[in-house]
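Numbering (the numbering used here), first residue to last: 72 to 525. Just so it is clear, CB atoms sit at the ideal spot from N, CA and C, and this is done for glycine as well. Given the structure is predicted, the values throughout are model-derived calculations rather than measurements. Some notes on the structure that comes next.
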Amino acid sequence: MQEVINFIVNNQDSYIAELKEFLRIPSISTTPENRGDIKLAAEFVAAKLKNAGMSRVEIMETEGHPLVYGEWLGAPGKPTVLIYGHYDVQPVDPIELWTDPPFEPVVRDGKIYARGATDDKGQIFMHIKSVESFFKVEGSLPLNVKFIIEGEEEIGSHNLEVFISNNTELLKCNAVLISDTALYDEGVPTLTYGLRGLAYMEVEVTGPNRDLHSGTFGGTVGNPINVLAMMIAKLHDKNGRVTIPHFYDEVLKLTKKEIINIKNLKLSEKKYAKELGVAELEGEKGFSTLERIWARPTLDCNGIIGGFTGKGAKTVIPSKASAKISMRLVPNQDPNKIAKLFAKHIKAIAPKSVKVNVTNLHGGLPALTPLEDKATVAAASALEKAFGKKTVFIREGGSIPIVTEFSKKLKAQVVLMGLGLNTENLHSPNEHFNLNHFKLGIISSAYFLKEYSL
Ligand code: BES
Ligand code: MN
Ligand code: MN
């Protein structure tokens, strides 16, 4: 094993050079003009899996972006690990806030900067390199490995969901290993055992049948922007609680053990606020910051548009205004149920002066994984070997909706062994990935394959 680890350490420069190539591909999944880049990224991943030593590698077409599948099943009698990640990335806007162009990776202060560096190209690449290092040093892997790497995670993983349902035999495994979450803090080995779910809605408000002169007509009709803003404001009460009836009905409470764990993690709320540049934190009354992120559902307006937004002034009452609203959900809330409650409530609070249209854009289930799973225990021990410290267990506020699909449809244990940091600007300008964590991630991955094979 030590030889594999030495090999990983000695090959950092070339692994980073290859990661840079990956980061140069603008594989943004949401924009039609990047379709060609999505294809290039899928081909890149397939070539790297092949090169790493996987015996069967295939690009699997879907109705959307292709999936990359790889397998090496040369360890009969040993468990099978399915490694999941995504090669698609978020859009880059606002581009003017990037210090360097988002698809021209640069290394500064031990961090690699580019869109997708931490979410998720850098993280999925760790596993490809750990497998490769095993093959180069030992000629084989300690257990069976499959890869499924998708190009639609950032737009809801719809086609992967369909693919899993239709290919449970192909994807059959004992454990799913995912690195697409964050460490609790720099240098702290971490396993994530819970994720929030999501219901993502769009609300469109229509007032008069056309834009109107705001002097001639102002004060006589419902202004869709005013109405929308008023409705959004009504979605929280003065205690920061969401006002939608029955919103909290299914919320699972934190256990006593979890509350103790949160206390032991000693999050500095001062440092948290300072890092974000805010004078004070805000949220649901009666809960600490970690409790709010881990175990409380939330509602946030993600974007709002209407009327004249260009430079200068134009006196107008717009005909339409719309907003995108995300609700982060916790176990055992159901995204479809919550979406319905939302739509019903929005319509109930809308004045008769406007028409309101609500669309459910997409959603995902929350996740909780049992801490006593064999795969989780092996992962905790692997991280401890790599970092030389005790592993901490956390829940996260973000969502990876496919996690619950894996555990339900493949009946496999899921391990969330993320090596990112929440301060690495994922989905934001100047995204980056700590290269020490990249190295430790490759080492942790290698230890995991070994530990879980025993
Ligand atoms: N990797 C993130 C999710 C994440 C980030 C989990 C940090 C935990 C910590 C993933 O790529 C992501 O952005 N997910 C989306 C899901 C959505 C598009 C369905 C999210 O959380 O907004
Ligand atoms: Mn991700
Ligand atoms: Mn993401």
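Report task. Out of Q161, E134, K200 and A118, point me to the one whose CA is closest to Y140's CA. Result -> It is A118.
Query raised in the report: Are the CB atoms of P472 and S228 nearer to each other than 8 Å?
Result: yes
Query - Alpha-carbon to alpha-carbon, P316 and M131 - result: Straight-line Cα distance between these residues: approximately 43 Å.
**Report entry** Residue nearest to A414 in terms of C-alpha spacing, selected from V313, E273 and P437
**Finding:** E273
Query raised in the report: Going by the C-beta, is H157 closer than 7 Å to any heavy atom of ligand 2?
Result: yes
Report task. Just tell me which of N238, P441, G374 and C244 has its CA closest to the CA of S524. Result -> C244
Query raised in the report: So, are the CB atoms of V292 and I388 less than 8 Å apart?
Result: yes
Requested in this report: Determine the extent of the beta strand (DSSP E) in which G435 is found, giving its start and end residues.
Outcome: K426 to G435
Query raised in the report: Given that a residue counts as buried once 16 or more other Cβ atoms are within 10 Å of its Cβ, and exposed if not, what is P173?
Result: buried
Query raised in the report: CA-CA distance, S250 and V485?
Result: 11 Å
Requested in this report: Reducing DSSP to helix, strand and coil, say where Y319 ends up.
Outcome: Look at Y319 here: in three-state DSSP terms it is coil, with no helix or strand label.
Requested in this report: Select from Q404, V474 and E232 the residue whose C-alpha is nearest the C-alpha of T133.
Outcome: E232
Query raised in the report: If you count every other CB in all the chains shown that lies within 10 Å of the CB of K121, and 16 or more means buried, which is it?
Result: exposed
Query raised in the report: Would you say P406 and G265 are within 8 Å of each other, going by their C-beta atoms?
Result: no
Requested in this report: Taking only the alpha-carbon atoms, compute the straight-line gap between E224 and I364 and give it to the nearest angstrom.
Outcome: 21 Å
Query raised in the report: How big is the Cα-Cα spacing for V313 and I409?
Result: 12 Å
Report task. Tell me, please, which residues DSSP counts as bridged to Y155. Result -> I219 and I249
Report task. Could you pull the start and end residues of the alpha helix (DSSP H) that N297 belongs to? Result -> P295 to A304
Requested in this report: Examine the Cβ distances between the region 210 to 226 and the region 452 to 467 and report whether three or more of them are shorter than 8 Å.
Outcome: The region 210 to 226 is not in contact with the region 452 to 467.
Report task. May I have a chain-ordered list of the beta strand (DSSP E) segments no shorter than 3 residues that lie completely inside the region 442 to 497? Result -> 463 to 466 and 484 to 487
Query raised in the report: Is it the case that the Cβ atoms of T190 and L436 are separated by a distance below 8 Å?
Result: Here residue 190 is Asp; the residue named in the question, Thr, does not match the sequence. The answer is no: Cβ separation not under 8 Å.
**Report entry** Beta-bridge pairing of K391 - partner residues as DSSP gives them
**Finding:** T277
Query raised in the report: Any heavy atom of ligand 3 within a distance shorter than 7 Å of the CB on H498?
Result: yes
Report task. Within its chain, find whatever has a CB closer than 6 Å to the CB of G512; leave out the 5 residues flanking it on each side and keep chain order. Result -> M197 and L490
Report task. Kindly identify the DSSP beta-bridge partner or partners of A146. Result -> BP columns for A146 are empty, so no partner.
Query raised in the report: Just the Cα atoms here: how many angstroms apart are F458 and K327?
Result: Going by the C-alpha atoms only, they are around 28 Å apart.
Report task. Determine the contact status of Y158 and V247, defining contact as a CB-CB distance below 8 Å. Result -> no
Query - Cβ neighbours of L361 in the same chain (closer than 7 Å, five flanking residues each side left out) - result: I333, L336 and L338
Query raised in the report: Using the rule of at least 16 other Cβ atoms within 10 Å of the residue's Cβ for burial, across every protein chain shown, is T287 buried or exposed?
Result: exposed
Requested in this report: Return the CA-CA distance between N81 and L442, expressed in angstroms with no decimal places.
Outcome: 34 Å
**Report entry** Where V349 falls: helix, strand or coil (DSSP)
**Finding:** coil
Query raised in the report: What number of angstroms, rounded off, separates the C-alpha of P254 from the C-alpha of S515?
Result: One point to set straight first is that residue 254 is Leu, not Pro, in the sequence displayed. In a straight line, the C-alpha of L254 is about 13 Å away from that of S515.
Requested in this report: For Q73, count neighbouring C-beta atoms within 10 Å of its own C-beta (all shown protein chains included) and say buried if the count is 16 or more, exposed if not.
Outcome: exposed
Query - Three-state class that DSSP yields for G265 in the structure shown - result: strand
Requested in this report: Report all residues from its chain with a CB closer than 6 Å to the CB of S285; omit the five preceding and five following residues, and keep chain order.
Outcome: Hits under 6 Å: T386, V387 and I388.
Query - Top-ranked residue by Cα proximity to L520, from P402, L487, A453 and E129 - result: A453
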